[in-house]
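So in the UniProt record's numbering, the last one in the sequence shown is 65, and the numbering has no gaps at all. In what follows, a structure is listed as C-alpha cells, so that the remarks can point back to it.
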Amino acid sequence: MLEVIQAFVDKYNPEKIYRIGEKIKIEDKERVQDMIERKLVKEIKEVEEVKKVKEIKEAKTKGAE
Numbered sequence: 001m002l003e004v005i006q007a008f009v010d011k012y013n014p015e016k017i018y019r020i021g022e023k024i025k026i027e028d029k030e031r032v033q034d035m036i037e038r039k040l041v042k043e044i045k046e047v048e049e050v051k052k053v054k055e056i057k058e059a060k061t062k063g064a065e
C-alpha cells in the first residue's frame with residue numbers, strides 16, 4: 001500500500017490525478033520504486049492501516065456516548 005506525498009498525474013492515464021494523502025495500490029514493483037525515489041509516494045504497512053481504522057472507530061464510539 002502506498003500513500004501519496006506529492007500530487008502527480010498518472011503516467012498511463014493523464015486524466016487521473018493522485019492527491020496528497022490518497023492511498024493507492026500498485027503491483028508493478030519497478031514503478032513503485034521509481035515513485036518512491038521521486039518522492040511521490042511512501043510505502044505504508046498494512047498494520048498502520050489497521051491501527052488507523054481502529055482509532056477512527058474508537059473516536060466514533062466515544063463521540064456517540
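The C-beta atom is built at its ideal place from N, Cα and C for all residues, glycine as well. Every value quoted in this text rests on a predicted model; they were computed, and no experiment measured them.
Assuming residue i and residue j form a contact by the criterion Cβ under 8 angstroms, report the distance between their Cβ atoms to the nearest whole angstrom.
i, j, result
"Y18", "D28", "The pair is not a contact, with the Cβ atoms about 15 angstroms apart (cut-off 8 angstroms)."
"K52", "Q6", "Wrong, their Cβ atoms sit about 21 angstroms apart, outside the cutoff."
"K45", "I36", "Actually they are not in contact, since the Cβ atoms of K45 and I36 sit about 14 angstroms apart, beyond 8 angstroms."
In the DSSP assignment, find the beta strand (DSSP E) that holds residue i and state where it starts and stops.
i, result
"K42", "V41 to E43"
"E3", "L2 to V4"
Could you please give me the residues that DSSP links to residue i through a beta bridge?
i, result
"V9", "I17"
"I24", "L2"
In terms of residues, what are the limits of the alpha helix (DSSP H) holding residue i?
i, result
"R38", "It is not in any alpha helix (DSSP H) - R38 carries neither H nor E in the DSSP assignment."
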